[in-house]
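Working notes, beginning with the structure itself.
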Amino acid sequence: MLKYMKTTFNFMKFLNIMVFSKWFTYVFVIISFFITMFFVLMPYLFSNSDSYRASLLMIVPVMFILLLTIIYAIYMSVLLFRDTENNGLDLVIAAKPIERMQIVIAKYIYFIIFAFVWAIVIYIATSIASIPLRNVDYFNLENVEYFVHGSFAVVLFAFVFFGLITALIAKKINKAVAYLFSVVIFLPLFFIGTVAPTFSRPQISSFTSEYNNLGGESAIDAANLFAYSTSDQEDGYYIVPTNSEGSLTQSSRDFLNRAFQNTKTSPVGTQVLSWIDIPYQMGIHFAANGRDFFMSGNALGLGDVRSIFNNFGTENVSTRYNYHLVANEGLVTDSSNKSVVMNLPLLSSQNSLFRDQTQRNIFYAWENAESDSTLTDDSFSFINTSNYYGTLDWRSISELIQNDDVKAAFKKFNDKYLTGENLTSRQYLDTLFAEYDSIIPDFLNVINNSFTQVTDRYLMQLQIQYYVVALYYLYLNYQNNSLLKNVIFENGLVNHQFEVKVNYNGETRNYKIGGYSNATQVQQTVNNKTVNRVQLTAGDDFLFSTVNNYYKFERALDTQPQYSVGIYWTIIIVALSAAVIYIYYRREY
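Numbering (our numbering), first residue to last: 737 to 1325.
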C-alpha cells in the first residue's frame, strides 16, 4: 500500500513539473487575481445606489469570477487528462512500474488539489477587495461575509464541475468541442437562471396582491377582513374577520381560497430554473437564514407584502418557498377555545366602510368621571371633561406599533423586566407606569416626525396610547409565551377592562380602557354646586376580542433548502468523478 501511494505521489510530482512548465498556468492566475479584485470592488464604486441595485451589482463579480474559473478549469482539465494521452505521455509512463489506475487517480487528485489552490486564490482576492464593502450602509455586513465565504465553495464546485465535464467531452469527442462547450453552456444558464425571477413571483407576493385587490370585487368583503403578522410568523400572516359576528363570510372564504389556488404556480418557473443558477444557489446557501443575498428571488412584489400590518417576514420573501392556507391555527385562545385578536383595527375597518351607521369605538375613561362626590377639578371655574374620557384612534396606534424605535424600546423593557413569565397583568401595567419617562421620548419622536400627525397630543391621551401600544406589542410578539395570557386574560377571557395609571398634573389617576359604548358630558349637582361629569354607557368593545374562525397564510415548503444545495453539488461531483476515472481507466492502446 505504501509503495502504491509513493508511486502515485511521484507521478503527481511529475505532473506538477509539466503543468508549471506552461507559462499560462501562473500568468492567468495572477491576472485573474487582479480582475477579481476589480469586479468585487465595483459595487463600492456605486455607493450611492439603492440596496436593490447594489445587490444586482454583486452578481457581476460572481459572473466574472465563475467565467475565469471555467476558463482555467478547462485549461487544466485538457492539460492533465487529454494532452497527456495525445502526447503519448501515458504510454511512456506505462512502461514504468505503475498501474494505469494509479495514473488516472494521480491526475484526478492533482486536478482536485489545483481546484483548491485556485479557490484559495479567488477567496483571498475577494476577501481583500470586499473590505470597503463592509463600510457601505446598504450592504449588510453579514451578507458580505457570507459572500466572501461562499465564493470559495462555489468557485471550488464550478472548477471541479466544469473541469470534469470538459475531461469527458475531450475524451468522447475532441478538444475543440471541449474548449467551447463549458463556456457556451455556462453563459446561457447563468443569464437564464439570474433573470428567472422575472418569469414568476413569490407566492406570498402574488397572493397578497390578490388579497389587496379584494376591494375591487367586494368592498364589504374587503372591510370584513384584516391581515396582520406576528413575530412567530417567519414568513406569513393571519387573515381575520372584522364583522361583529367574528366569522368569515362564505364569499370571503371563496375569494381567499380562489386567490390561493390561482397563485400556487406563480413561483414554479424560478424554482425550476434556480437549480441551474449557481449564483442563486450561492446566495441562498451561504446567507443568513438561507436568505438570497443577491435578491434574485426577492425582486417582485415586496410592496404588496409590506401592505400587511406589522409584517415581520418581508426580508425572507422569495420564490423558493411554497405556501399553504390553513384555517384556525396559530393564534392564542381563551378559556372557551376562541382565538384572540386585537379589536381596535377590526372596529376601525368597519367604521371606515359604514360611515352612515353608529360608529363603534373603544372608549377609555377616568374612574371618577361619573363621581357623585366632590372632585379636585370642581374648584376650577371651567372644567374640561375631555380629559375625563376619549376614544382610541387606530391610525395613531398602528403608526406607533410599527415604528422601529418604539418596538426597540418595548423590547428593551421586556428584556429588563419580563424575564419571568409569572408577571401578572397588574404588575405589568404598574411596571409600565414606572418606566413611562424612559420610553415616552420614542413616542414623541414618532409624533413629531410623522407624516400622518397624531391628532390628540394631550399628555393624558398619549399615556393611554402608551399602554395600548404596550399591550398590542405584547400580543404581536409573545403569541407562544404564557406571559401574554397572564397579562391580557382575566379569568381566562379577554372581554374585560384594563385599569391603568396616568400622571395628570402631578396627580396619579386611574383610567379604564374599554368596556364602554358611549360617553356624554352632563351637568349635575354635587353638594349644591353644578359640576361637569361624564355619563358612561357600558358596552362590549374591549382592547381584545375573539373570532370564531380565520385563516393563516404561511410558508409550507422550502423547495431549495440550504442542505439540498450541498447535497446536489456533492452528488454531481461524485458522479462526474466516477465517470472520468472509469472512462480514462478503460482507455485502450
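Just so it is clear, CB atoms sit at the ideal spot from N, CA and C, and this is done for glycine as well.
Since we're looking at a predicted model, the values are computed, not measured.
Checklist entry - If you run the structure through DSSP and keep just helix, strand and coil, what is SER1332? => result It is not possible to answer for residue 1332, since the shown part of the chain is limited to 737 through 1325.
Item to check | Beta-carbon proximity of SER1313 to LEU900, cut-off 8 Å | outcome: yes
Checklist entry - Where does GLY1228 sit, in a helix, a strand or coil, going by DSSP? => result Judged by DSSP in its simplified three-state form, GLY1228 adopts coil rather than helix or strand.
Item to check | Own chain, CB closer than 7 Å to TRP1130, minus 5 neighbours either side, in chain order | outcome: LEU1080, PRO1081 and SER1084
Checklist entry - Along the chain, which unbroken stretches of the beta strand (DSSP E) at least 3 residues long are found entirely within the segment 1239-1308? => result 1243-1249, 1252-1262, 1265-1274, 1280-1283 and 1287-1294
Next on the checklist: Out of PHE800, VAL1077, GLN1296 and TYR1252, which one is the CA nearest neighbour of GLU1103?
Outcome noted: TYR1252
Item to check | Where THR1001 sits in the DSSP three-state scheme | outcome: coil
Checklist entry - Along the chain, where does the beta strand (DSSP E) that runs through LEU714 open and close? => result In the structure as shown, the chain begins at 737 and stops at 1325. Residue 714 is therefore absent and cannot be evaluated.
Next on the checklist: At the level of alpha carbons, what is the spacing between PHE817 and ALA889?
Outcome noted: Their backbone Cα atoms lie some 24 Å apart in a straight line.
Next on the checklist: I'd like to confirm the pairing. Which residues does DSSP put opposite THR1127 in its beta bridges?
Outcome noted: Looking at the DSSP assignment, THR1127 forms a beta bridge with PHE1099.
Checklist entry - Going by the beta-carbon positions, is the gap between THR902 and ILE810 smaller than 8 Å? => result yes
Checklist entry - Cβ of ILE767 within 8 Å of Cβ of SER887? => result Going by C-beta atoms, ILE767 is not nearer than 8 Å to SER887.
Checklist entry - Near VAL1204, which residues of its chain fall below 8 Å by C-beta distance, leaving aside the five closest residues on each side in sequence? => result LEU1080, LEU1128, ILE1133, ILE1249 and LEU1279
Next on the checklist: Considering only the alpha carbon of each residue, which of ILE1317, TYR1299, TYR1287 and PRO1297 lies closest to GLY972?
Outcome noted: TYR1287
Next on the checklist: Helix, strand or coil, according to DSSP, for TYR964 in the structure here?
Outcome noted: Per DSSP, reduced to three states, the secondary structure at TYR964 is strand.
Next on the checklist: Only counting the same chain, and skipping five residues up and downstream in sequence, which positions put a Cβ closer than 7 Å to that of VAL840?
Outcome noted: Contacts found: ILE1317, TYR1320 and TYR1321.
Checklist entry - Who are the near neighbours of VAL976 in its chain, counting only those whose CB is closer than 6 Å to its CB and skipping five residues on each side? => result PHE962, VAL1077, VAL1283 and TYR1286
Checklist entry - Under the three-state reduction of DSSP, which class applies to GLU835: helix, strand or coil? => result Three-state result, GLU835: coil.
Checklist entry - What residue range is occupied by the uninterrupted beta strand (DSSP E) comprising SER1075? => result 1075-1078
Next on the checklist: For ASP990 and TYR947, I'd like the C-alpha separation in whole angstroms.
Outcome noted: Roughly 12 Å between the two C-alpha positions.
Checklist entry - What are the residues that DSSP puts in a beta bridge with TYR1202? => result For TYR1202, which the question treats as bridged, DSSP gives no partner whatsoever.
Next on the checklist: Under 8 Å, with one C-beta from each stretch per pair, do the segment 1260-1270 and the segment 1203-1223 reach the 3-pair mark?
Outcome noted: no
Next on the checklist: Any contact between the segment 1134-1154 and the segment 1049-1067? By contact I mean 3 or more CB pairs, one from each, below 8 Å.
Outcome noted: no
Item to check | Assigned secondary structure, SER947 (DSSP; H/G/I helix, E/B strand, else coil) | outcome: Looking at the sequence shown, residue 947 is not Ser but Tyr. TYR947: helix per DSSP, three-state reduction.
Checklist entry - In terms of residue numbering, what span does the alpha helix (DSSP H) encompassing SER768 cover? => result Here the alpha helix (DSSP H) through SER768 covers 759-781.
Checklist entry - So the alpha helix (DSSP H) ILE807 belongs to, where does it begin and stop? => result Where ILE807 is concerned, the enclosing alpha helix (DSSP H) starts and stops at 795-813.
Checklist entry - When DSSP labels each residue in this structure, what does SER893 get in the three-state scheme? => result For the record, residue 893 in the displayed sequence is Phe; it is not Ser. Looking at PHE893 - three-state DSSP - the assignment turns out to be helix.
Checklist entry - So does the segment 915-923 actually touch the segment 981-988, counting three or more Cβ pairs closer than 8 Å? => result The way I'd put it, the segment 915-923 doesn't touch the segment 981-988; fewer than three beta-carbon pairs between them come closer than 8 Å.
Next on the checklist: Can you look up GLU1235 in the DSSP assignment and give me helix, strand or coil?
Outcome noted: strand
Checklist entry - Which of helix, strand or coil does DSSP assign to PHE756? => result coil
Item to check | Pick from THR944, SER945 and THR978 that is closest to ASN960, judged by C-alpha positions | outcome: THR978
Checklist entry - With 16 as the cutoff for other CB atoms within 10 Å, does TRP759 come out buried or exposed? => result exposed
Item to check | Beta-carbon spacing of VAL776, PRO797 below 8 Å | outcome: Against a cut-off of 8 Å, the Cβ pair of PRO797 and VAL776 comes out as a contact.
Checklist entry - Going by beta carbon distance, what residues of the same chain come within less than 6 Å of MET748, once the five residues before and after it are set aside? => result Annotation for MET748: ALA842 and TYR846 place their beta carbon closer than 6 Å to its own, counting only its chain and skipping 5 residues before and after.
Checklist entry - Under three-state DSSP, which class holds VAL1316? => result helix
Next on the checklist: What does DSSP give as the partner residue(s) for GLY972 in the beta ladder?
Outcome noted: GLU1290
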